[in-house]
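Note sheet for the following structure.
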Amino acid sequence: MAKSARFQVDPRLATLLGESYRSSEHALKELVDNAWDADAHEVDIQLPAPMTNDPIVIRDDGTGMTEQEVRSEYLKVASDRRSRKGEETLSLKRRIKGRKGIGKFAGLMAASTMVMETQAHGKRTGLVIRKEDLLDSRQDLEKIDLPLTTSECDERDHGTTITLTDLNQALAFPTAERLRELLVLEYGRRSDFTIRVNGEALAIEDIPGEAFTERAQLQAEGPVKLSLTFAEGKRPLKHPGVVVRVGGKVVGKPIYFGLDEDEEVPGKLLKKVYGEIEADGLAADVTPDWGAIIENSTGFKAVETWAREQLKEKLNKVFVRQMSLAKARLQQEIDRRLAGLPEHRRRFAEAALQRVLTKFYGESEERRGTVINVMLDAFERDEYWAVIQAIEVARHQGVATFADALGQFGLVDMAVIGLQTRRRLEILDRLDELMTRPDTQEKELHQVIERNLWLLEGDFTLLSSNQTVATILKKWADKEFTGDRAKKRPDLLLCAMLTGRHLLIEFKEPGHSIDRDDETQATKYRDDLRRHFDPLEVLVIGGRAATSVDANWRPPGLHVRSYAAVVSAARARLGWLLDQLTNDQQAA
Numbered sequence: 001m002a003k004s005a006r007f008q009v010d011p012r013l014a015t016l017l018g019e020s021y022r023s024s025e026h027a028l029k030e031l032v033d034n035a036w037d038a039d040a041h042e043v044d045i046q047l048p049a050p051m052t053n054d055p056i057v058i059r060d061d062g063t064g065m066t067e068q069e070v071r072s073e074y075l076k077v078a079s080d081r082r083s084r085k086g087e088e089t090l091s092l093k094r095r096i097k098g099r100k101g102i103g104k105f106a107g108l109m110a111a112s113t114m115v116m117e118t119q120a121h122g123k124r125t126g127l128v129i130r131k132e133d134l135l136d137s138r139q140d141l142e143k144i145d146l147p148l149t150t151s152e153c154d155e156r157d158h159g160t161t162i163t164l165t166d167l168n169q170a171l172a173f174p175t176a177e178r179l180r181e182l183l184v185l186e187y188g189r190r191s192d193f194t195i196r197v198n199g200e201a202l203a204i205e206d207i208p209g210e211a212f213t214e215r216a217q218l219q220a221e222g223p224v225k226l227s228l229t230f231a232e233g234k235r236p237l238k239h240p241g242v243v244v245r246v247g248g249k250v251v252g253k254p255i256y257f258g259l260d261e262d263e264e265v266p267g268k269l270l271k272k273v274y275g276e277i278e279a280d281g282l283a284a285d286v287t288p289d290w291g292a293i294i295e296n297s298t299g300f301k302a303v304e305t306w307a308r309e310q311l312k313e314k315l316n317k318v319f320v321r322q323m324s325l326a327k328a329r330l331q332q333e334i335d336r337r338l339a340g341l342p343e344h345r346r347r348f349a350e351a352a353l354q355r356v357l358t359k360f361y362g363e364s365e366e367r368r369g370t371v372i373n374v375m376l377d378a379f380e381r382d383e384y385w386a387v388i389q390a391i392e393v394a395r396h397q398g399v400a401t402f403a404d405a406l407g408q409f410g411l412v413d414m415a416v417i418g419l420q421t422r423r424r425l426e427i428l429d430r431l432d433e434l435m436t437r438p439d440t441q442e443k444e445l446h447q448v449i450e451r452n453l454w455l456l457e458g459d460f461t462l463l464s465s466n467q468t469v470a471t472i473l474k475k476w477a478d479k480e481f482t483g484d485r486a487k488k489r490p491d492l493l494l495c496a497m498l499t500g501r502h503l504l505i506e507f508k509e510p511g512h513s514i515d516r517d518d519e520t521q522a523t524k525y526r527d528d529l530r531r532h533f534d535p536l537e538v539l540v541i542g543g544r545a546a547t548s549v550d551a552n553w554r555p556p557g558l559h560v561r562s563y564a565a566v567v568s569a570a571r572a573r574l575g576w577l578l579d580q581l582t583n584d585q586q587a588a
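The working numbering puts the first residue of the sequence shown at 1, with every later residue one more than the last.
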């Protein structure tokens, strides 16, 4: 007999959706995105001072909503606005940001009570959503009665105000600095969307990174001011470059003053530039639509020349500093490896290292470390001896011969690194075979990884070879695992990362699903050892993560990987390196 069934929606779903953001600041940004989608021109955010009971208030001057829209659209969970109203907003033709229909619950991450008041077409509608009402209800979500009020308002009034009260005391108060960082990257270039946090509008200074400000008095164009920030982090900027601001208004799109075509300028660093130049003296040279400066403006040429010199100088300064920092983070391992090379090879290795750091500027530290280690491995082999001897002989001959010898070094360099990379990829294939064998146990995989630390993300040194470290580990294990627990002492591999951090690895059987008990055990090891090795992260490697474990609730610094995932990540890194070498060989 055929029957049908229906889903039931627990009210906890609303609170779970509200808690899906990584921080309170990210949740508040979601509410600002809603204001963007409502064609707002201005958004005011008021954050409370720490240790007060003041609310968070987000007010915008968007289109607002009628009572019917609140009921049929705002309260409709997981309804994609794009499917109802298209990809763009009605009035300002903005690209819609809301996609999942759950942003309305963002406020419930930061607070227990969310009051929404919206105005449109002479009507004011108020709605109250309390987290406790959702958690305590035994009814389905769609059957809960939410307090809703309506009243008259001025026909000209429009916009929405979100007030968050009873803030979540388990979370740190949202800070204006962090919120401004998030918002300026997304909206800092928008001239039609002004955001104020605690009364202060977003500014270029809110972007985290190294900042510069230069002023000048040009002969005909008057005073100019250049403000630059070289953004930190891996996240790409939405609109990198420098905008021209005349009379407080942005003219055209961000530019690089021709430096994007300068081969001496590192392109990846250029993409981290976020700035503006104020030049009110160019007011007469702006096109009527404020879309550009007149192309043959002599005034703009003078401003451009000055700005290009300033920007290039700052780029070079930041580049040199960041290169020095990148090398310093790897210097301990580099020095150790270089010390093992014969004197005649060492200076060539140092020169090659500088080329690698320059070529792979902007790549992650993990990738740079991969290239450097493979290159140093190659220098420790004999393939370089003949070409280095040839270079030494060529130094005392003609320029053409000397240049040819140096060119041969580059070819050998790429060939040897490429060979070693291919060999490591072959080893990964064999390791895949080992993992698929039913009789393979944890001890075999432990041994393989311990002797091939290049399998792990980052560059590691085995600390158990250090007698001081080995003594600390032995004393700790002997104290913690005595009597009946003597056979249960942890199977550990402790490594030191080049950055000064430490990694504690706990191995499990390849068929074992890593559950919360395993994570708790590894975290206990970390807590015990942290007094000796800080900072300390933990990596648990096994068959896979148990499906019953939610990764979002893992403690910070605890990572879970399957053996297959470790191999897959190593294969991806080596594949990337091989592609880079292949491109270089083709270019040569």
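Built from N, CA and C at the ideal position, the CB exists for glycine as well. Please read all numbers here as calculations on a predicted model, not as lab measurements.
Nearest to residue i by CA position, among the options, is which residue?
i, options, result
"Arg329", "Trp553, Arg337, Glu365", "Glu365"
"Glu426", "Gly233, Asn373, Gly575, Gln46", "Gly575"
"His121", "Gly159, Lys131, Gly103", "Gly159"
"Glu263", "Leu31, Lys312, Asp335", "Lys312"
"Leu406", "Val416, Lys508, Ala394, Ile417", "Ala394"
"Ala551", "Ala351, Glu519, Phe360, Ile204", "Glu519"
"Arg561", "Ala570, Ala545, Val549, Ala572", "Ala545"
"Gln46", "Trp36, Ile58, Val566, Glu30", "Ile58"
"Leu353", "Ala339, Arg367, Arg336, Val371", "Val371"
"Asp166", "Ile129, Arg156, Leu148", "Ile129"
"Tyr256", "Asp37, Thr175, Leu270", "Leu270"
"Gly252", "Asp527, Ala292, Leu237", "Ala292"
"Ile204", "Arg95, Glu69, Ala172, Val242", "Val242"
"Glu177", "Val448, Lys29, Arg189, Arg430", "Lys29"
"Leu419", "Asp404, Leu581, Leu529", "Leu581"
"Thr149", "Gln119, Ala564, Gly248, Leu529", "Gln119"
"Gln521", "Arg531, Leu164, Leu504, Pro510", "Leu504"
"Leu146", "Pro174, Thr298, Met114, Leu237", "Met114"
"Asp154", "Lys123, Ile96, Asn168", "Lys123"
If you draw a straight line from the alpha carbon of residue i to that of residue j, how long is it in whole angstroms?
i, j, result
"Trp553", "Gly275", "38 Å"
"Asn53", "Gly107", "16 Å"
"Thr63", "Lys143", "28 Å"
"Glu152", "Thr125", "9 Å"
"Ser23", "Pro288", "43 Å"
"Asp432", "Glu363", "28 Å"
"Val374", "Glu261", "32 Å"
"Pro254", "Ala201", "20 Å"
"Leu134", "Pro555", "27 Å"
"Gly410", "Arg346", "16 Å"
"Met497", "Pro438", "Residue placement at Met497 is flagged as unreliable, the pLDDT there being 49, under the threshold of 50; the coordinate-derived value follows with that caveat. Cα to Cα, Met497 sits roughly 33 Å from Pro438."
"Leu376", "Arg368", "12 Å"
"Val318", "Thr305", "20 Å"
"Met589", "Arg235", "This structure gives no information on residue 589, because the portion of the chain shown stretches from 1 to 588."
"His559", "Leu434", "23 Å"
"Glu87", "Lys131", "32 Å"
"Ile334", "Leu357", "12 Å"
"Leu75", "Leu325", "51 Å"
"Gly299", "Val320", "32 Å"
"Phe379", "Ala400", "25 Å"
Cutting at 6 Å between CB atoms, please list the residues of its own chain near residue i, excluding the five before and the five after it.
i, result
"Arg245", "Glu276, Glu278"
"Pro535", "Arg501"
"Phe507", "Glu442, His446, Asp491, Ile541"
"Leu578", "Thr421"
"Phe533", "His502"
"Arg573", "Thr370"
"Arg189", "His239"
So, at 8 Å on beta carbons, what are the nonlocal neighbours of residue i in its own chain, with the 5 sequence-adjacent residues on each side left out?
i, result
"Arg485", "Any reading at Arg485 must be qualified, since the residue scores a pLDDT of 49, below 50, and its modelled position is unreliable; no value is offered."
"Ala302", "Leu218, Gln219, Ala220, Glu221"
"Asn466", "Low local confidence applies: a pLDDT of 43 at Asn466 is under 50, so the model's placement there is unreliable, with the coordinate-based value given in what follows. There are no such residues."
"Arg355", "none"
Near residue i, what residues of its chain come up, given a Cβ to Cβ distance below 7 Å and the 5 sequence neighbours on each side ignored?
i, result
"Asp206", "Arg180, Glu181, Val184"
"Ile294", "Asp285, Thr287"
"Lys104", "Tyr74"
"Thr89", "Asp37, Asp39, Ile96"
Q | Secondary structure, beta strand (DSSP E): runs of 3+ residues fully inside the stretch 417-462 | A | Here the runs fully enclosed are 460-462.
Q) Where in the stretch 54-125 do unbroken runs of the alpha helix (DSSP H), each at least 4 residues long, occur, reported from the N-terminal end onward? A) Entirely contained in the stretch 54-125, the alpha helix (DSSP H) runs reaching 4 residues are, in chain order, 81-85, 107-110.
Q. Can you give, in chain order, each stretch of the beta strand (DSSP E) that sits fully within the stretch 486-572 and has at least 3 residues?
A. Runs of beta strand (DSSP E) with 3 or more residues, each lying fully within the stretch 486-572, are found at 492-497, 502-507, 536-542, 558-562, listed in chain order.
Q.
I'd like to know if the stretch 307-325 and the stretch 222-230 are in contact, where contact means that at least 3 CB-CB pairs between them fall below 8 Å.
A. Yes: at least three Cβ pairs fall under 8 Å.
Q: Could you name each continuous alpha helix (DSSP H) segment of 4 residues or more that falls completely within the stretch 229-299, going from the start of the chain to the end?
A: Segments of the alpha helix (DSSP H) lying fully in the stretch 229-299: 267-270.
Q.
Three Cβ pairs or more, each shorter than 8 Å: is that satisfied between the stretch 65-76 and the stretch 209-222?
A. No, the stretch 65-76 is not in contact with the stretch 209-222.
Q: Examine the Cβ distances between the stretch 183-197 and the stretch 38-48 and report whether three or more of them are shorter than 8 Å.
A: When Cβ pairs closer than 8 Å are counted between the two stretches, the stretch 183-197 is seen to touch the stretch 38-48, the count reaching three or more.
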